[in-house]
Amino acid sequence: MNNNEILIVGATPTGLSLALALHHHGVNCRIIDGNSGPANTSKAIFVNARTLEVCDAMGFVEPMVALGQQIKEIKLYSEDKLLNHADFSGIESKFNFLLTLPQAQIEQLLLDQLHQKNIVVEWNTSVQSIQDVEDKVNLVCTQQGKSQQITAKWVVGCDGYNSQVRDLSQFEYQCYSLPQKFVVADVEIEGNINKNEISVAFSSKGVLLFAPLKKLFRVFIEVSNDGHFCNVDQLTISDLNCIIQERFKSGLNIVAINWQSSFKLHECLADKFKKGRIFLAGDAAHSHSPGDGQGLNTGIQDAWGLSWMLAHVVKNQANKELLDLYNSERRGIANNILKRSGGLNKIASTNNKFLQLLRNFGVGGILNIEIVRNKIANSVAQTDICYMNSSLLNSNQVLYQNKNRHPENKNGWLLLSKDIITESDLPKFVTIEQNSINWSDQALCLIRPDGYIAMYADSLFEVTSFFLENQIHG
Ligand SMILES: Cc1cc2nc3c(=O)[nH]c(=O)nc-3n(C[C@H](O)[C@H](O)[C@H](O)COP(=O)(O)OP(=O)(O)OC[C@H]3O[C@@H](n4cnc5c(N)ncnc54)[C@H](O)[C@@H]3O)c2cc1C
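When we follow numbering that gives the first Met the number 0, the leftmost residue of the sequence shown carries the number 0, and every step to the right adds one.
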């Protein structure tokens, strides 16, 4: 495995999972971070089903699930009155729940995995300048206070919201802010509150959300519309108890605050996720409001989506044009996620009285419709993502029974076949699974190395043509 072709900047969820995913596909990389070591702040907690599938493919989902708390249901209240509840059993995955696990623990699990594979993060190493020349990228970094030149064939900026890779390479980053302000805290609670469910309480003073962690509870509190607290960044235990009693229910008592922070709602998206030999992934490419629970998940899935393409190109198994697919596929997904969560944020935190009434009435009714409930659950779980009509294939493919992926495929190209295939003119790098498709009209289904369906076909000729057209040969 060549170590110097790919440089990852940023050793947090996106960069660490990219390093691991590249190794999974048989390619090593160099990974640097300006910090002196891993952070120990809580930050993200929500891990969705598609991210768990990706972690499963990379071989470390068991410790994640064991460390985290499984959430099976969400309850929506108007102050203390229950409006409706929805369970997550409709998520189309073996992980049909939402897991909560603090980001620092997720990063530590990723670091442990990399350690086992002898991949070491170079801490205290910051990018200062970056230049994409024809067949390589030249960087100047400060390493332990000293200036150092690094050359790589490909650079991936996983360096977060304030990405230097993005700014120095002149990608545009458009941000849109909303006025709503939130305080977020990890707290110890006494009282009657279920450990398997999220509670969301709407009130005229703002929305409030409780999510259980293994030992603690995460609480999100909108403060911008609450006269007493609209200008504060930190709340005391008694402030929190006062807000909960006023806006939600009595009988809950916060007894300790382990961590807290504040944030405003925003949505940001880079104009491109790839320019020449430089890629952006995670928060460097798209930034979500912390309460959406999508930033870390989308970053890990960017890493998974990019890794197999980059591995193919580095191993000379495909032409470098394959990498343009990352930009079109992942930017499209990030854009959709931002639009959807932006809409949900506006509904959840509206301070218009009429819209508040409409919202409370709406959630009371709409979640009773199973099909709508399941659609929302699969959208939050990101199990509804589909790449079948991406530019990898110039034809319109039919989506059978909403099946978009085959998570059991953890590596390489896989051909599922209705019948026994006797012909052997398929490329050698494709694994065949006989008698393994019963949900479509067509005889063959080709699965990509990231588990997503590439195409349906009726003949092996169509499958071989797919690889020829896309110049994939390994
Ligand atoms: C309070 C809070 C709650 C959240 N809750 C959720 C949630 O429940 N679920 C969810 O999915 N998301 C959530 N998020 C968002 C999530 O935390 C981010 O999306 C995630 O951290 C992005 O990870 P990343 O690896 O892309 O970048 P980051 O975590 O931002 O890390 C970037 C890294 O790059 C390094 N770096 C920066 N510049 C340089 C440079 N020039 N040279 C070298 N290294 C550099 C930094 O040191 C840092 O380590 C939350 C965020 C917050 C703040």
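C-beta: ideal position from N, C-alpha, C; glycine also.
Who are the Cβ neighbours of residue i in its own chain at under 6 Å, not counting the five residues just before and after it?
i, result
"residue 284", "269 and 272"
"residue 1", "Confidence is the limiting factor: at residue 1 the pLDDT is only 47, short of 50, which leaves the residue's position unreliable, though a coordinate-based value still follows. The answer is none, since no qualifying residue turns up."
"residue 10", "30, 32 and 120"
"residue 389", "328"
"residue 433", "416 and 419"
"residue 473", "316 and 428"
"residue 136", "151, 154 and 276"
"residue 258", "41 and 185"
"residue 209", "198, 216 and 218"
"residue 264", "177, 179, 288 and 344"
"residue 243", "251"
"residue 441", "455 and 457"
"residue 133", "none"
"residue 330", "272"
Excluding sequence positions up to five away, which residues of its chain have a Cβ less than 8 Å from the Cβ of residue i?
i, result
"residue 308", "317, 321, 322, 324 and 325"
"residue 410", "23, 24, 56 and 448"
"residue 340", "266, 287, 288, 291 and 293"
"residue 36", "122"
"residue 239", "184, 186, 218, 220, 253 and 256"
"residue 463", "424, 425 and 426"
"residue 194", "68 and 211"
"residue 437", "417"
"residue 229", "180, 222 and 223"
"residue 146", "127, 139 and 140"
Quick one, which of the options has its alpha-carbon nearest residue i's?
i, options, result
"residue 149", "437, 427 and 3", "3"
"residue 100", "267, 46, 160 and 469", "46"
"residue 470", "315, 450 and 431", "315"
"residue 13", "35, 468 and 304", "304"
"residue 184", "51, 382, 42 and 115", "42"
"residue 125", "8, 301 and 134", "8"
"residue 431", "407, 420, 327 and 235", "420"
"residue 277", "52, 131 and 95", "131"
"residue 65", "147, 127, 193 and 212", "212"
"residue 27", "209, 403, 337 and 313", "313"
"residue 187", "251, 173 and 444", "251"
"residue 247", "193, 199 and 263", "199"
"residue 118", "443, 95 and 5", "5"
"residue 109", "406, 61, 444 and 413", "61"
"residue 106", "380, 80, 302 and 39", "39"
"residue 196", "34, 182, 70 and 466", "70"
"residue 34", "159, 189, 104 and 129", "159"
"residue 189", "401, 102 and 236", "236"
Give me, in chain order, the residues of the same chain whose beta-carbon lies closer than 7 Å to that of residue i; leave out the 5 immediate sequence neighbours on both sides.
i, result
"residue 397", "455"
"residue 170", "269, 270, 271, 274 and 279"
"residue 382", "48, 49, 90, 91 and 92"
"residue 439", "399 and 455"
"residue 112", "19 and 59"
"residue 299", "12, 13, 16, 50 and 53"
"residue 127", "139, 140 and 141"
"residue 404", "450, 451 and 452"
"residue 333", "268, 284, 285 and 297"
Based on the DSSP secondary-structure assignment, which residues constitute the bridge partners of residue i?
i, result
"residue 137", "130 and 150"
"residue 155", "7 and 278"
"residue 84", "74"
"residue 124", "142"
"residue 451", "404"
"residue 98", "46 and 69"
"residue 471", "317"
"residue 29", "6"
"residue 16", "DSSP output for residue 16 lists no bridge partner at all."
"residue 286", "267"
"residue 456", "443"
Tell me whether residue i, by its Cβ, gets closer than 7 Å to a heavy atom of ligand 2.
i, result
"residue 211", "Ligand 2 is not part of the structure shown, which contains ligand 1 as its ligands."
Check: Would you say the stretch 417-434 touches the stretch 66-75, given that touching needs at least three Cβ pairs under 8 Å?
Finding: Contact between the stretch 417-434 and the stretch 66-75 is absent, because fewer than three Cβ pairs lie under 8 Å.
Next item on the list: Any chance you could list the alpha helix (DSSP H) runs of at least 4 consecutive residues sitting entirely within the stretch 210-251, in chain order?
Entry: As far as the stretch 210-251 is concerned, its whole alpha helix (DSSP H) runs of at least 4 residues are 236-246.
Would you check if there are 3 or more beta carbon pairs closer than 8 Å linking the stretch 79-96 to the stretch 368-379?
-> In the pairwise beta carbon analysis, the stretch 79-96 is classified as touching the stretch 368-379: at least three pairs are separated by under 8 Å.
query = Residue ranges of each beta strand (DSSP E) run of no fewer than 3 residues wholly in the stretch 250-277, ordered along the chain?
reply = Entirely contained in the stretch 250-277, the beta strand (DSSP E) runs reaching 3 residues are, in chain order, 252-269.
If we count Cβ pairs, one from each stretch, closer than 8 Å, do we get three or more for the stretch 192-205 versus the stretch 214-227? As far as the Cβ criterion goes, the stretch 192-205 touches the stretch 214-227, which means the pair count is three or higher.
Determine contact between the stretch 130-144 and the stretch 171-189, defined as no fewer than three beta-carbon pairs at a distance below 8 Å. With the cut-off at 8 Å, the stretch 130-144 and the stretch 171-189 do not touch.
- Query: In chain order, which continuous runs of the beta strand (DSSP E) of length 3 or greater are located wholly inside the stretch 393-446?
  - Reply: The stretch 393-446 contains these whole beta strand (DSSP E) runs: 412-416, 429-432 and 443-446.
**Asked** What runs of the beta strand (DSSP E), each 3 residues or longer, lie entirely inside the stretch 172-213?
**Response** Counting whole runs of 3 or more residues, the stretch 172-213 contains the beta strand (DSSP E) stretches 172-189, 196-201 and 207-211.
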